[in-house]
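Q: Counting along the sequence shown from 1, when you hit position 354 you're at 354 in full-length UniProt numbering, and nothing is skipped either side.
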Amino acid sequence: MVSYSRTNIHDAIVSLEPQMDYICKVSGATGLSLSVVSGGEEAYAKHLGFRDLEGQNTPDGDTTYFIGSVTKGMVAALVGMLAEEGKLGWSTRVASLLPELQDTFEGRGSQITIADLLSHRTGVARSDAIWISRAGNILLPKSEGIRTWAAQPVVRDFRTDFLYNNYAYDVVGRIIEIVEQKSLEQVFKERVWEPLGMHRTSMEDLAGNSNAAKAYHALKDASSYEVPIPTISHKTIMGAGGAIRSCTNDLAKYYSSFIYAVNNQFNNKTTSTLNSPFKQLTTILRPHNQLGVTSLREQSYALGWGRAQLPCSLGTLNYNYLLILSMPVIGRGAPSQLVLYHGGSMQGFNTAVYLLPDTETAIIAMQNSSALGDACDWIPQMIMHKLSGSTERIDFLYLATVAARAALSQRRLKMNLKRDEREAPDL
1 MVSYSRTNIH
11 DAIVSLEPQM
21 DYICKVSGAT
31 GLSLSVVSGG
41 EEAYAKHLGF
51 RDLEGQNTPD
61 GDTTYFIGSV
71 TKGMVAALVG
81 MLAEEGKLGW
91 STRVASLLPE
101 LQDTFEGRGS
111 QITIADLLSH
121 RTGVARSDAI
131 WISRAGNILL
141 PKSEGIRTWA
151 AQPVVRDFRT
161 DFLYNNYAYD
171 VVGRIIEIVE
181 QKSLEQVFKE
191 RVWEPLGMHR
201 TSMEDLAGNS
211 NAAKAYHALK
221 DASSYEVPIP
231 TISHKTIMGA
241 GGAIRSCTND
251 LAKYYSSFIY
261 AVNNQFNNKT
271 TSTLNSPFKQ
281 LTTILRPHNQ
291 LGVTSLREQS
301 YALGWGRAQL
311 PCSLGTLNYN
321 YLLILSMPVI
331 GRGAPSQLVL
341 YHGGSMQGFN
351 TAVYLLPDTE
361 TAIIAMQNSS
371 ALGDACDWIP
381 QMIMHKLSGS
391 TERIDFLYLA
401 TVAARAALSQ
411 RRLKMNLKRD
421 EREAPDL
C-alpha cells in the first residue's frame with residue numbers, strides 16, 4: 001500500500017468520484033454515505049443521493065443507517081471486554097450459561113464455545129427464513145430464538161467448515177445480557193458508544209431522529225421504491241446479529257479507536273490498550289476459521305471479521321460475488337497487507353467496512369437501498385485498489401453494470417418460478 005498523506009488520500013479518492021456516481025446510478029443506490037479515515041482522522045467524506053427521496057433530503061455525516069451484520073464485529077469486541085474482566089472466556093461452553101443447549105445438535109450442544117459461535121464453525125444450518133421474511137418482517141419473538149436454533153439440523157462438520165449463522169450471534173447477545181444483567185444496547189452504551197462519543201448510534205430508533213435514512217428497493221429501471229424501515233432491535237430476535245444503526249461520523253470514531261488498539265495490542269503483545277475500551281484483540285482478530293474461498297493467500301474468518309491478505313479478491317461477506325463470475329483482484333502488483341472487513345445487509349440497507357491496520361486506514365460505506373448489486377462494496381474496493389498503488393486497471397463500472405444485469409435476471413427468474421407455482425395444476 002502506497003504511503004499517502006491525508007491530503008493525497010483525499011485527492012486520490014476525488015479522482016474516483018465520477019465512477020462513484022455511475023456505480024450508484026447503475027446499481028440503484030438511493031443514497032450512500034462514505035468515509036475514509038487515515039491515522040485517526042477523516043481524510044475523505046462524500047454523501048451521494050438522498051436519505052429521503054420524496055423530501056429530496058441529502059445525507060450527511062450524522063445520517064443514521066442500519067449497519068446489519070457489521071454489528072457482529074462490535075459484539076465480538078464486547079465479548080473481548082468481558083473476557084478481559086474474567087466474566088466470560090473464549091472457551092466458555094455455551095451450555096454452562098444456557099443449559100437448554102446441553103443435549104442439542106447431535107451431542108455438539110455441550111461442546112460449543114463462545115469462540116465457536118463467533119467464528120461460524122458450529123456446522124448448524126443457517127435457517128434464516130424461519131426468523132425473517134423476504135420483506136424483512138421479524139417472524140419470531142426474541143424469547144423463541146434459542147429454542148428455534150436448538151431445533152435446527154447439523155449440516156456441516158464441527159469446527160471444520162465455515163457456515164455463516166445469525167442464530168449464533170443471537171445466542172452470544174443473550175449471554176452478554178445474562179452476564180451483565182442489562183440489555184445489549186445498554187452494555188454497548190456504557191462500554192463503547194458513550195466513551196467514544198458515539199451519540200447517534202443505537203440498537204433501536206433514536207427518539208426524534210429527523211436525520212435517519214429511509215429504506216428503499218431498486219426497481220428494474222434502477223429507480224427507488226420506498227419500503228418499511230426494519231423493525232429489528234435489541235428487543236427482538238437477532239439484535240446481536242444486525243440491529244445497530246449508526247452514521248459515518250460515529251463509525252469513523254469507532255474504527256479510528258479500534259485500529260489504534262489493534263496495532264497497539266499486536267505490536268506490544270498485550271490484551272489491552274490505555275484509554276481504549278477494546279480488549280483481547282489479538283484473540284478476536286486471529287484466524288479462527290477458513291472461508292470457503294480458493295486462494296493462495298489468506299482468506300479466513302476471525303471473530304466477527306473477515307481476514308484477507310492483499311493482493312486478492314474480496315467481498316465474500318457481501319453479495320456482489322454472487323452476481324459476477326469472479327471478483328477482481330485488489331492490489332495486484334502492490335505490496336501485500338492484511339485487510340479486515342465485513343458487510344451488512346437489512347431490508348433497504350447495505351453497509352461495508354474495510355480496515356487496513358498497516359496504514360491505519362478505514363473505509364466505511366453505507367447505503368439506504370437494497371439495490372441491483374452492492375454499490376457500497378464496489379466503491380470501497382475501488383478506493384482500496386487506488387490507494388494500493390497497483391497499476392493494474394480494474395473496470396469497476398463494467399463490473400457494477402454486469403452485477404446489476406445479473407440481479408435483474410435473478411429477480412425475473414424468481415418471479416417466473418412464483419408464477420409457475422401459482423399456475424401449476426392440482427395433481
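Ideal Cβ placement from N, Cα and C applies to all residues, glycine included.
Along the chain, where does the alpha helix (DSSP H) that runs through residue 385 open and close?
A: Residue mapping note: residue 385 aligns to position 385 of the sequence shown, counting from 1. Its alpha helix (DSSP H) spans residues 375-388.
Q: Using the Cβ count rule (16 or more neighbours within 10 Å means buried), how would you classify residue 31?
A: As a first step, residue 31 must be located in the sequence shown, where it is residue number 31. Answer is buried; the Cβ neighbour count reaches 16.
Q: Might you give, ordered along the chain, the residues of its own chain that have their beta carbon closer than 8 Å to the beta carbon of residue 128, omitting 5 neighbours on each side?
A: Sequence index remark: in the sequence shown, residue 128 carries index 128 (1-based). Cβ neighbours of residue 128 beyond the five flanking positions: 166.
Q: So, do the region 242-260 and the region 60-69 have three or more beta carbon pairs nearer to each other than 8 Å?
A: yes
Q: Restricting to Cα atoms, I'd like to know which of 410, 384 and 334 is closest to residue 219.
A: Position 219 of the sequence shown, counted from the start, is the residue given in the question as residue 219. Closest by alpha carbon: 410.
Q: Alpha carbon to alpha carbon, how far is residue 66 from residue 254? Give it in angstroms, no decimals.
A: By one-based count along the sequence shown, residue 254 stands at place 254. By one-based count along the sequence shown, residue 66 stands at place 66. Whole-angstrom Cα-Cα distance: 16 Å.
Q: Could you tell me which of 303, 227 and 96 sits nearest to residue 370, measuring between CA atoms?
A: For the purposes of this step, residue 370 is identified with residue 370 of the sequence shown, where counting begins at 1. That would be 227, whose Cα lies nearest to the Cα of residue 370.
Q: Rank 406, 73 and 22 by C-alpha distance to the C-alpha of residue 344 and give the top, closest one.
A: What you label residue 344 is simply residue 344 of the sequence shown in a count that begins at 1. The shortest C-alpha separation from residue 344 is found at 73.
Q: Opposite residue 351 in the DSSP bridges: which residues?
A: Within the sequence shown, residue 351 is the residue found at index 351, counting from 1. According to DSSP, residue 351 bridges with 344 and 366.
Q: How far does the beta strand (DSSP E) with residue 93 in it extend, from its first residue to its last?
A: Counting from 1 along the sequence shown, the entry for residue 93 is found at position 93. Run containing residue 93: none; DSSP gives neither H nor E here.
Q: Between residue 352 and residue 362, is the Cβ-Cβ spacing less than 8 Å?
A: By one-based count along the sequence shown, residue 352 stands at place 352. By one-based count along the sequence shown, residue 362 stands at place 362. Not in contact: residue 352 and residue 362 (Cβ atoms no closer than 8 Å).
Q: Per DSSP, which one or two residues make a beta bridge with residue 276?
A: Taking the first residue of the sequence shown as position 1, residue 276 is located at position 276. The partner list for residue 276 (beta bridge, DSSP) is empty, contrary to what the question assumes.
Q: Restricting to runs no shorter than 4 residues, where is the alpha helix (DSSP H) found entirely within the region 235-277?
A: 239-242 and 248-268
Q: Enumerate in chain order the residues of its own chain whose CB-to-CB distance from residue 156 is below 6 Å, with the five nearest sequence positions on each side excluded.
A: Within the sequence shown, the letter at position 156 stands for residue 156. For residue 156, where only same-chain residues beyond five positions count, the Cβ hits under 6 Å are 123 and 163.
Q: By the three-class DSSP mapping on this structure, what secondary structure does residue 417 have?
A: Sequence index remark: in the sequence shown, residue 417 carries index 417 (1-based). Since pLDDT at residue 417 reaches only 47, below the 50 mark, its modelled position is unreliable, and the value read off the structure follows with that caveat. Reduced to three states, the DSSP call for residue 417 is helix.
Q: Note down, in chain order, each residue of its chain lying with its Cβ closer than 7 Å to the Cβ of residue 383, except the 5 sequence neighbours on either side.
A: Translated into positions along the sequence shown, residue 383 becomes position 383. If we look at residue 383 and ignore the five residues flanking it on each side, its Cβ neighbours are 13, 16, 36 and 363.
Q: In three-state DSSP terms, what is residue 216?
A: Along the sequence shown, read from residue 1 onward, the residue named residue 216 stands at position 216. Three-state DSSP puts residue 216 in a strand.
Q: Mind checking which residues open and close the beta strand (DSSP E) that includes residue 47?
A: Within the sequence shown, the letter at position 47 stands for residue 47. Unbroken beta strand (DSSP E) run through residue 47: 41-49.
Q: Are the CB atoms of residue 284 and residue 303 within a distance shorter than 8 Å?
A: By 1-based counting over the sequence shown, the position of residue 303 is 303. By 1-based counting over the sequence shown, the position of residue 284 is 284. Yes, the pair counts as a contact, with Cβ atoms nearer than the cut-off.
Q: Does residue 427 come out as helix, strand or coil in the three-state DSSP assignment?
A: Against the sequence shown, residue 427 aligns to sequence position 427. Confidence at residue 427 is low in this model, with a pLDDT of 36, below 50, so its placement is unreliable and the value that follows should be read with caution. In this structure, residue 427 counts as coil in the three-state DSSP scheme.
Q: Out of 48, 187, 109 and 334, which has the shortest C-alpha to C-alpha gap to residue 277?
A: Here residue 277 refers to the residue found at position 277 when the sequence shown is read from its first residue. Among 48, 187, 109 and 334, the Cα nearest to that of residue 277 belongs to 187.
Q: Do you know whose CA, among 262, 104, 24 and 222, lies nearest residue 39's CA?
A: Within the sequence shown, residue 39 is the residue found at index 39, counting from 1. Ranking the options by Cα distance to residue 39, first place goes to 262.
Q: Looking at the unbroken alpha helix (DSSP H) that takes in residue 79, where does it start and where does it end?
A: Counted from its first residue, the sequence shown places residue 79 at position 79. Segment 71-84, the alpha helix (DSSP H) holding residue 79.
Q: Any beta carbon of chain D sitting closer than 8 Å to that of residue 196?
A: No chain D appears in this structure, which consists of one protein chain only.
Q: Quick check: the region 94-110 against the region 372-388, are at least 3 beta-carbon pairs closer than 8 Å?
A: no
Q: Where do the ends of the beta strand (DSSP E) carrying residue 37 lie?
A: As a first step, residue 37 must be located in the sequence shown, where it is residue number 37. Where residue 37 is concerned, the enclosing beta strand (DSSP E) stretches over 31-38.
Q: At which residues does the beta strand (DSSP E) containing residue 183 begin and terminate?
A: The residue given as residue 183 occupies position 183 in the sequence shown. Unbroken run through residue 183: none, as it is neither H nor E.
Q: State the DSSP-derived secondary structure class of residue 339, mapped to helix, strand or coil.
A: Against the sequence shown, residue 339 aligns to sequence position 339. Reduced to three states, the DSSP call for residue 339 is strand.
Q: Would you mind giving the Cβ-Cβ distance between residue 240 and residue 75, rounded to the nearest angstrom? I have them listed as a contact below 8 Å.
A: Here residue 240 is taken as the residue at index 240 of the sequence shown, counted from 1. Here residue 75 is taken as the residue at index 75 of the sequence shown, counted from 1. Confirmed, Cβ separation roughly 5 Å.
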